[in-house]
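Those protein sequence lines, which keep their order, are chains A and B.
Numbering-wise, the first sequence is residues 17 to 128 according to my numbering.
Numbering-wise, the second sequence is residues 415 to 532 according to my numbering.
Where a beta carbon is used, it is the ideal one built from N, C-alpha and C, also for glycine.
Quick caveat: nothing in here was measured; it's all calculated off a predicted structure.
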Amino acid sequence: QKEVEQDPGPLSVPEGAIVSLNCTYSNSAFQYFMWYRQYSRKGPELLMYTYSSGNKEDGRFTAQVDKSSKYISLFIRDSQPSDSATYLCAMSAQQAGTALIFGKGTTLSVSS
Amino acid sequence: GAVVSQHPSWVICKSGTSVKIECRSLDFQATTMFWYRQFPKQSLMLMATSNEGSKATYEQGVEKDKFLINHASLTLSTLTVTSAHPEDSSFYICSARVLDPPAGDTQYFGPGTRLTVL
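#1: Return the residues of the segment 68 to 86 of chain A that lie within a Cβ-Cβ distance of less than 7 Å from chain B, sorted by chain order.
#2: Residue 448 (chain B) lies in the beta strand (DSSP E); which residues open and close that run?
#3: Quickly, what does DSSP pair residue 434 (chain B) with across the bridge? List them, please.
#4: Here's the rule I'm using: 16 or more other beta-carbon atoms within 10 Å means buried, otherwise exposed. How should residue 124 (chain A) be labelled?
#5: Are the CB atoms of residue 427 (chain B) and residue 433 (chain B) nearer to each other than 8 Å?
#6: Should the segment 428 to 447 of chain B be called in touch with the segment 58 to 69 of chain A, which here means at least 3 C-beta pairs below 8 Å?
#7: Provide the residue span of the beta strand (DSSP E) that contains residue 63 (chain A), from first to last.
#8: Output yes if chain A places a C-beta closer than 8 Å to the C-beta of residue 490 (chain B); else output no.
#9: Would a C-beta distance cut-off of 8 Å place residue 51 (chain A) and residue 27 (chain A) closer than the cut-off?
#10: Give a yes or no on whether the minimum CB-CB distance between residue 37 (chain A) and chain B is below 8 Å.
#11: Please name the residues in the segment 50 to 65 of chain A whose beta-carbon is closer than 9 Å to at least one beta-carbon of chain B, in chain order.
#12: Classify residue 503 (chain B) as helix, strand or coil using the three-state DSSP reduction.
#13: Considering only C-alpha positions, which residue in the set B:453, B:470, B:441 is nearest to residue 115 (chain A)?
#14: Would you kindly report the start and end of the unbroken beta strand (DSSP E) that includes residue 70 (chain A)?
#15: Please name the residue, chosen from A:128, A:126, A:105, A:110, that lies closest to residue 22 (chain A) on a Cα-to-Cα basis.
#16: Identify whether residue 98 (chain A) lies in helix, strand or coil by the three-state DSSP scheme.
#17: How many angstroms separate the CA atom of residue 510 (chain B) from the CA atom of residue 484 (chain B)?
#18: For a contact defined as C-beta to C-beta under 7 Å, what are the partners of residue 118 (chain A) on chain B?
#19: Counting contacts by CB-CB distance shorter than 8 Å, is residue 109 (chain A) in contact with chain D?
#20: Does residue 438 (chain B) come within less than 8 Å of chain A when only Cβ atoms are used?
#21: Excluding sequence positions up to five away, which residues of its chain have a Cβ less than 8 Å from the Cβ of residue 45 (chain A)?
#22: In this structure, what does DSSP give as the bridge partners for residue 520 (chain B)?
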């Protein structure tokens, strides 16, 4: 079993839809959880950062962490064509001075 | 927010030559930088962790004599791919550790360097 599992998609939604992206993990020691957005041929861009369990909201984006289920989610409200990208979850057991473990990424396409 | 740059953004070289990629933190000092490699439709694979003033720590399976990493200052890390071969063609991305809020303790990534070895 891989440490981090993420459905690669692709996921296609119409503009304005609510998007739900998810990752599961096996290492109960993970405490730091991140979501990155990566456009084609670009480096990943940090979207959300969460420590331990709970929810975090930033504009149209909401990140949720459920450590009991080893499950994290990213919700995108009112999705826009500009949200079309690959979304990578990442996590680590310690502070980011150690390596992040990435999911494979989910490719999202939002059509206008 | 924290900005990380990479140079060059793309490079094409002949087999057997060496290529140097620079990673710079533009508005902050980074004691720790990371080098990743990404193949098409694959996730990022960590190659090595670079700490300023000390030797890099390489992940299992990564040849340290082939991928030379130097972190000589708090704002610059370099990756040199020595005697490059076509199988080294990939997207190389660096990241820098950031300790300041609002991101807390996390990593910011550079835009990546696409290496093509002919």
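Judging by the given coordinates:
#1: Taking 7 Å as the Cβ-Cβ cut-off against chain B, none of the residues of the segment 68 to 86 of chain A qualify.
#2: Position 34 of the second sequence holds residue 448 (chain B). Its beta strand (DSSP E) spans residues 446 to 452.
#3: The count along the second sequence starts at 1 and reaches residue 434 (chain B) at position 20. Per DSSP, B:494.
#4: Position 108 of the first sequence, counting from 1, holds the residue named residue 124 (chain A). Buried.
#5: The residue you call residue 427 (chain B) lines up with position 13 of the second sequence. The residue you call residue 433 (chain B) lines up with position 19 of the second sequence. Less than 8 Å separates the beta-carbon of residue 427 (chain B) from that of residue 433 (chain B).
#6: The way I'd put it, the segment 428 to 447 of chain B doesn't touch the segment 58 to 69 of chain A; fewer than three beta-carbon pairs between them come closer than 8 Å.
#7: Position 47 of the first sequence, counted from the first residue, corresponds to residue 63 (chain A). It spans 61 to 67 - the beta strand (DSSP E) in which residue 63 (chain A) sits, taken as one unbroken run.
#8: The residue given as residue 490 (chain B) occupies position 76 in the second sequence. No, residue 490 (chain B) lies away from the interface with chain A (no Cβ there is under 8 Å from its Cβ).
#9: Your numbering for residue 51 (chain A) matches position 35 in the first sequence. Your numbering for residue 27 (chain A) matches position 11 in the first sequence. Their beta carbons are not under 8 Å apart, which means residue 51 (chain A) does not touch residue 27 (chain A) by this criterion.
#10: To locate residue 37 (chain A), count along the first sequence from 1; it is residue 21. Chain B places no beta carbon closer than 8 Å to that of residue 37 (chain A), leaving this residue out of the contacts.
#11: Taking 9 Å as the Cβ-Cβ cut-off against chain B, the residues of the segment 50 to 65 of chain A that qualify are 50, 52, 54, 57, 58, 59, 60, 61, 62, 65.
#12: Numbered from 1 along the second sequence, position 89 holds the residue referred to as residue 503 (chain B). Residue 503 (chain B) falls in the coil class under three-state DSSP.
#13: Stepping through the first sequence from its first residue, residue 115 (chain A) is reached at position 99. Ranking B:453, B:470, B:441 by Cα distance to residue 115 (chain A) puts B:470 first.
#14: As a position in the first sequence, residue 70 (chain A) is number 54, starting the count at 1. Taken as a continuous stretch (DSSP letters only), the beta strand (DSSP E) holding residue 70 (chain A) covers 70 to 74.
#15: Position 6 of the first sequence, counting from 1, holds the residue named residue 22 (chain A). Answer by Cα proximity: A:105.
#16: For the purposes of this step, residue 98 (chain A) is taken as residue 82 along the first sequence, with counting starting at 1. Residue 98 (chain A): helix per DSSP, three-state reduction.
#17: The count along the second sequence starts at 1 and reaches residue 510 (chain B) at position 96. The count along the second sequence starts at 1 and reaches residue 484 (chain B) at position 70. The alpha-carbon atoms of residue 510 (chain B) and residue 484 (chain B) are separated by roughly 14 Å.
#18: The count along the first sequence starts at 1 and reaches residue 118 (chain A) at position 102. Think of a sphere of 7 Å around the beta carbon of residue 118 (chain A): the chain B residues whose beta carbon falls inside it are 457, 458, in chain order.
#19: No chain D is part of this structure, whose protein chains are labelled A and B.
#20: As a working note, residue 438 (chain B) is residue 24 in the second sequence. So no, residue 438 (chain B) is outside the interface.
#21: Here residue 45 (chain A) refers to the residue found at position 29 of the first sequence. 109, listed in sequence order.
#22: As a position in the second sequence, residue 520 (chain B) is number 106, starting the count at 1. According to DSSP, residue pairing for residue 520 (chain B) in a beta bridge involves B:512.
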